[in-house]
Every structure is written in C-alpha cells, then in structure tokens.
Amino acid sequence: MDAARDLLPRSKQLNPILEQEDDTETICRKIFASEINVLNRTLAGLETETVDLIVDKINKARRVAIFGTGGSYIVAADAQHKFLKIGVETVCHVDADMQQMTAALLTKDDVALCISFSGNNYHVIDCMRSAKNSGAFCVGIISQGKSQLAKIVDAILYASYDETLFQSESVSTRIAQLAIIDVLVSKLAIENYDRSYNAIHLTREATLENKI
Numbered sequence: 033m034d035a036a037r038d039l040l041p042r043s044k045q046l047n048p049i050l051e052q053e054d055d056t057e058t059i060c061r062k063i064f065a066s067e068i069n070v071l072n073r074t075l076a077g078l079e080t081e082t083v084d085l086i087v088d089k090i091n092k093a094r095r096v097a098i099f100g101t102g103g104s105y106i107v108a109a110d111a112q113h114k115f116l117k118i119g120v121e122t123v124c125h126v127d128a129d130m131q132q133m134t135a136a137l138l139t140k141d142d143v144a145l146c147i148s149f150s151g152n153n154y155h156v157i158d159c160m161r162s163a164k165n166s167g168a169f170c171v172g173i174i175s176q177g178k179s180q181l182a183k184i185v186d187a188i189l190y191a192s193y194d195e196t197l198f199q200s201e202s203v204s205t206r207i208a209q210l211a212i213i214d215v216l217v218s219k220l221a222i223e224n225y226d227r228s229y230n231a232i233h234l235t236r237e238a239t240l241e242n243k244i
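Numbers 33 to 244, taken from our numbering, label the letters of the sequence shown in order.
Next up, the structure:
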C-alpha cells in the first residue's frame, strides 16, 4: 500500500482514472465506463455451472445465512432483502456476535453465503469455518483469488474490481457483487416461478401500508 502511494501522485490516489481538473461530465463518463468494464469482466469470469450448483443448494436449503462486514455487509443486507422477496428463508445480522452464533447453529440443511472483497477478513473466515464445521454448504462471493476464504468455501463466484489504491472501497466492486446476487435471485425465481410470484405479492402486500 505504501509503495503504491509513493508511485501514484496524490491527485490520483483516490481513483487513478480521475484527474483533479475533470469536470462533472468527464467524471460521470469515466466512472460509468469503469463500472461497465468491471461488470463485463465479472460476467466473462462467471462460471454458469457454479451458479447452477449454488442455486440448487439454495433451493434445497432450510435457510440461507449471509455473512459480511463493512461495505460487504451492505451487499449482504441487500441479498437478504432480495432472497426474502422471492420466499427464500434468509438470515443476515449486522452484529458480529450474532453472526457467529448464527454460523454455529447451521446444519447440513443450510447454506452459508459470505461476501468479502479480500477473502481474508478474520471475522468472516471464523463464521465460514464454523458453518463448514456445522455441515452447511458454504458459498463465497469474493474478489481476490488467493485467499483464506477460497480455501474454506465449497463454491466461489468472483466479482471483478478496479485497480485502485483503495480497491476494497471501490463502488464498482459493490456493483459487481450486487450483480452476482441478482443473478442468483433471478435464477431461483425463474426455477420457482409460482412460489416467487406469490412471495413477491405477499411481501408487497405486507409493506403496502408503509407507502404513500
């Protein structure tokens, strides 16, 4: 990190594709182009056989437990929302202790899904190890190939990312992770169309009073 900081001028340390003199239109074009590239690279590396395996395991699971911290937790919470909308029993806690407790109570009938940029977050590793020991099928959405989580999980889907000084903070990384979640949710919904349709109807009705 220090070496990269020394090599890059300060004006490019936030994002190398941007210049301090860039106007709003230029920033918009550069950011959108960068994120489209990340999505395309993620798509190119996506293994459909792995997607099918994960969807099959979720289809047969009693419930799905989702783990992540920091920015990855935001993606995890979004995943929980989308899975619930189509009727998949899902649990996702923001509290670290609650995540650990959830992992410990999983069984062979459950799926543990973790989201991590580095794949080396100590807390997420501990949760996934616990889930693995409990017999759960473990899935990782990870950006870094060589990681501790990659050695633990049963199936991995890789999210691409931009080469920036603060890679794990890249918005494009989150977008790639969210796109992978959308793929899983969409595949599940199509394979269980009637259940998903009814669940979306029921969850929409349940929250209707909160809308103007």
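Beta carbons are placed, not taken as given, at the ideal position from N, Cα and C, and that holds for glycine.
Distance, residue j Cα to residue i Cα
i: Ala93; j: Lys243; result: 32 Å
i: Glu268; j: Ile213; result: Past the boundaries of the shown model lies residue 268; the chain is included only from 33 to 244, so the question cannot be answered.
i: Glu81; j: Val126; result: 31 Å
i: Lys164; j: Leu181; result: 11 Å
i: Leu3; j: Gln52; result: Outside the displayed span of the chain (33 to 244) sits residue 3, for which this structure offers no information.
i: Phe64; j: Met130; result: 37 Å
i: Asn153; j: Ala128; result: 12 Å
i: Ile68; j: Thr139; result: 38 Å
i: Arg95; j: Ala238; result: 21 Å
i: Tyr229; j: Phe115; result: 12 Å
i: Arg161; j: Arg61; result: 42 Å
i: Ala76; j: Leu50; result: 25 Å
i: Ser66; j: Ala135; result: 36 Å
i: Val70; j: Arg206; result: 10 Å
i: Ser150; j: Gly177; result: 8 Å
i: Asp110; j: Asp194; result: 22 Å
i: Ser179; j: Ser104; result: 16 Å
Own chain partners of residue i with C-beta closer than 7 Å, once the 5 adjacent residues on each side are dropped
i: Gln209; result: Val107, Ile147, Ile173, Ala191
i: Glu79; result: none
i: Val143; result: Lys89, Ile90, Ala93, Val96, Ala168, Phe169, Val171
Cβ neighbours of residue i in the same chain (closer than 6 Å, five flanking residues each side left out)
i: His113; result: none
i: Phe99; result: Gln131, Cys146, Val156, Cys159
i: Val203; result: none
i: Ala221; result: Ile118, Ser228
For residue i, the nearest candidate out of the options (CA to CA)
i: Leu234; options: Ala111, Leu75, Lys62, Lys117; result: Lys117
i: Val83; options: Thr205, Gly177, Asp186, Phe149; result: Asp186
i: Asp226; options: Gly119, Tyr193, Ser179; result: Gly119
i: Arg73; options: Asp54, Ala211, Ala111, Ser179; result: Ala211
i: Asp141; options: Met133, Ser166, Gly102; result: Ser166
i: Lys219; options: Leu85, Glu57, Asp55, Thr56; result: Leu85
Range of the contiguous alpha helix (DSSP H) that encloses residue i
i: Phe115; result: 102-117
i: His155; result: 154-165
i: Asp129; result: 128-136
i: Thr205; result: 203-223
i: Val185; result: Val185 -> no alpha helix (DSSP H), and no H or E assigned at all.
i: Gln77; result: The sequence as given places Gly at residue 77; Gln does not occur at that position. 56-77 is the span of the alpha helix (DSSP H), which, as asked, contains Gly77.
Strand pairing of residue i, partner residues [DSSP]
i: Tyr190; result: Ile174
i: Ala144; result: Ala97, Cys170
i: Thr122; result: Val96
Close-in-space but distant-in-sequence residues of the same chain around residue i (CB under 8 Å, 5 per side omitted)
i: Glu223; result: Val87, Asn91
i: Arg236; result: none
i: Leu240; result: none
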